[in-house]
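Inspection log for the structure reproduced underneath, given as structure tokens.
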Amino acid sequence: MALVAAKLSHSKEYCMKKASAFLPLVTVLAMSTYAYAADESDKSSTETKKNGGYESTTTSQGTTDAGTYNSTKTTDNVDVDSKGNVTRKYKTKSVEDPKGLMNKKTSTGEITYQDKDNGGYKKTVDEKSTNAAGTNYSHSSKTNVDVDAQGNVTTTKKTENTVDPKGFTNPSTTTTTSSKTVNGEVVEENKQVK
16 MALVAAKLSH
26 SKEYCMKKAS
36 AFLPLVTVLA
46 MSTYAYAADE
56 SDKSSTETKK
66 NGGYESTTTS
76 QGTTDAGTYN
86 STKTTDNVDV
96 DSKGNVTRKY
106 KTKSVEDPKG
116 LMNKKTSTGE
126 ITYQDKDNGG
136 YKKTVDEKST
146 NAAGTNYSHS
156 SKTNVDVDAQ
166 GNVTTTKKTE
176 NTVDPKGFTN
186 PSTTTTTSSK
196 TVNGEVVEEN
206 KQVK
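Numbering-wise, our numbering comes out as the position in the sequence shown, counting from 1, plus 15.
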């Protein structure tokens with residue numbers, strides 16, 4: 016049981032550290048205005064699971080004195096297998112819709128994390144947002160960490176970022192980077208812009 020708690024604690028801390036990299040993108044816009052909401056509601060629920068995991072949902076919505084509607088929903092689903100390996104899925108969606116037309120901002124994000132028996136893990140991150148001007152942004156990354164019998168850590172990571180301005184004549188730009196490290200030392204790295 017201590018191993019399960021340690022892995023769950025490690026995964027929660029790790030995921031929250033990594034989630035903090037994109038949570039500002041996803042929630043700051045909605046929550047900064049939302050803090051001054053005149054009409055608001057918040058709901059939160061958490062259910063523990065027999066396997067040591069949990070599932071929680073938090074929703075917030077409200078309208079400011081200036082008429083801006085904000086909403087945020089997050090779900091966090093954690094499962095622990097019989098070996099103590101953690102699987103976690105974290106999702107968030109936020110909307111900021113000021114009074115007026117054509118100025119709505121939306122953001123979504125999802126992180127999936129899964130422990131491996133060898134001490135490594137797999138993680139995927141997918142984020143999408145649209146700003147008030149209609150420009151779409153997307154970010155996705157896949158990280159795979161393996162630990163061999165000698166304790167060597169091999170990490171492969173692929174990241175893709177796309178910026179797609181509103182309109183048919185505005186081209187989108189996609190930047191793809193991939194890397195491989197062994198014990199923290201880069202052994203392979205590629206970058207491509209289209």
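For every residue, glycine included, the Cβ atom is placed at its ideal position computed from N, Cα and C.
Being a predicted model, the structure only gives us computed values, none of them experimental.
Beta carbon of P245, beta carbon of T150: below 8 Å? An answer regarding residue 245 cannot be provided, because it is not within the stretch 16 to 209 covered by the chain.
Excluding sequence positions up to five away, which residues of its chain have a Cβ less than 6 Å from the Cβ of A147?
-> In the sequence shown, the residue the question calls residue 147 occupies position 132. So the list reads N118, K120, once near-sequence residues are dropped.
What distance in whole Å lies between the Cβ atoms of S122 and N140, which are believed to be in contact at a cut-off of 8 Å? Looking up residue 140 in the sequence shown gives position 125. Looking up residue 122 in the sequence shown gives position 107. Note that residue 140 corresponds to Val in the displayed sequence, not to Asn. So it is not a contact: roughly 13 Å between Cβ atoms.
Notebook entry, point to check: Who are the Cβ neighbours of T90 in its own chain at under 6 Å, not counting the five residues just before and after it?
Noted result: Sequence index remark: in the sequence shown, residue 90 carries index 75 (1-based). The answer, listed in chain order, is T72, K106.
Which whole-angstrom value is the C-beta distance of K88 and K104, which I expect to be below 8 Å?
By 1-based counting over the sequence shown, the position of residue 88 is 73. By 1-based counting over the sequence shown, the position of residue 104 is 89. Contact between K88 and K104 is absent: CB atoms are separated by about 14 Å, not below the 8 Å threshold.
Measure the C-alpha to C-alpha separation of K137 and K58 and round it to an integer number of angstroms.
For the purposes of this step, residue 137 is taken as the residue at position 122 of the sequence shown. For the purposes of this step, residue 58 is taken as the residue at position 43 of the sequence shown. Distance between the alpha carbons of K137 and K58 is about 31 Å.
Cα-Cα separation, D80 to L116:
In the sequence shown, counting from the first residue as 1, residue 80 sits at position 65. In the sequence shown, counting from the first residue as 1, residue 116 sits at position 101. Roughly 18 Å separates the two Cα atoms.
field: For T83, three-class secondary structure by DSSP
entry: The residue you call residue 83 lines up with position 68 of the sequence shown. T83 falls in the coil class under three-state DSSP.
Worksheet item: To the nearest angstrom, how far is it from the Cα of K173 to the Cα of E204?
Response: On the sequence shown, position 158 is the one that residue 173 refers to. On the sequence shown, position 189 is the one that residue 204 refers to. Approximately 10 Å between the Cα atoms of the pair.
Alpha-carbon to alpha-carbon, Y84 and G67 | For the purposes of this step, residue 67 is taken as the residue at position 52 of the sequence shown. For the purposes of this step, residue 84 is taken as the residue at position 69 of the sequence shown. Distance between the alpha carbons of G67 and Y84 is about 37 Å.
Check: Taking just the CA atoms, how far does E175 sit from G199?
Finding: Translated into positions along the sequence shown, residue 199 becomes position 184. Translated into positions along the sequence shown, residue 175 becomes position 160. Those two C-alpha atoms are separated by around 21 Å.
Do the CB positions of T171 and V197 come within less than 8 Å of each other?
Numbered from its first residue, the sequence shown carries residue 171 at position 156. Numbered from its first residue, the sequence shown carries residue 197 at position 182. Not closer than 8 Å, so no.
**Message:** What does DSSP give as the partner residue(s) for G99 in the beta ladder?
**Reply:** Here residue 99 corresponds to residue number 84 of the sequence shown, with the count starting at 1. Note: G99 is not bridge-paired with any residue in the DSSP secondary-structure output.
Find out if the Cβ-Cβ distance for the pair V201, S193 is shorter than 8 Å.
-> Mapped onto the sequence shown, residue 201 falls at position 186. Mapped onto the sequence shown, residue 193 falls at position 178. Contact flag unset, no.
inquiry  = Spatial neighbours of M46 within its chain, please: C-beta separation below 6 Å, excluding the five flanking residues on both sides.
reply    = Counting from one through the sequence shown, the residue named residue 46 turns up at place 31. Reliability fails at M46, whose pLDDT of 44 lies under 50, so the model's placement of it is uncertain and no value is given.
Quick one: Cα of T190 to Cα of Y152, how far?
Within the sequence shown, residue 190 is the residue found at index 175, counting from 1. Within the sequence shown, residue 152 is the residue found at index 137, counting from 1. If you take the alpha carbons of T190 and Y152, they lie about 12 Å apart.
Query - Close beta carbons around T145, own chain, < 7 Å, minus the five adjacent residues each side - result: As a working mapping, residue 145 is identified with position 130 in the sequence shown. Around T145: K120, T121, N151.
Q) Looking at V110 and S86, is the spacing between their C-beta atoms short of 8 Å? A) Position 71 of the sequence shown holds residue 86. Position 95 of the sequence shown holds residue 110. Closer than 8 Å, so yes.
Look at the Cβ atom of N133, then the Cβ atom of D161, and state whether they are nearer than 8 Å. Counted from its first residue, the sequence shown places residue 133 at position 118. Counted from its first residue, the sequence shown places residue 161 at position 146. Yes, the pair counts as a contact, with Cβ atoms nearer than the cut-off.
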